[in-house]
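Residue 37 in UniProt numbering sits at position 37 of the sequence shown; the count goes up by one each step and never skips. Heads up, the beta-carbon is just placed ideally off N, CA and C, and yes, glycines get one too.
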Amino acid sequence: VKMPMLCVVYGCSNRSNREKNKRFFRVPKVVVHRGNKYKKLTERRKKWILNLRLRSGG
C-alpha cells in the first residue's frame, strides 16, 4: 500500500516530498454491504471524511 503524497484537507498545500518533518496517513475507506458488524464503524468514517472537507477529486 502506497503512502499518501499530499494533504487532502481543504486549503492545505503540504506535500510529502516538501514536508519531510510531517507524516501523511490514508483516509479510511467507507465499507458498504458488510452487515451490521461494520455499520457503526462506517458511520464514524463517513463523519470523519465529511469533517475533513476533502478537496474535490482528492
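Straight across, the Cα-Cα distance linking lysine 46 with valine 32 is about 11 Å.
Straight across, the Cα-Cα distance linking asparagine 51 with lysine 22 is about 21 Å. In the structure shown, arginine 26 falls within a coil segment according to DSSP collapsed to helix, strand and coil. DSSP, read as helix, strand or coil, puts arginine 45 in helix. Of the candidates Glu19, Asn17, Phe25, Asn36, the residue whose Cα lies closest to the Cα of isoleucine 49 is Phe25.
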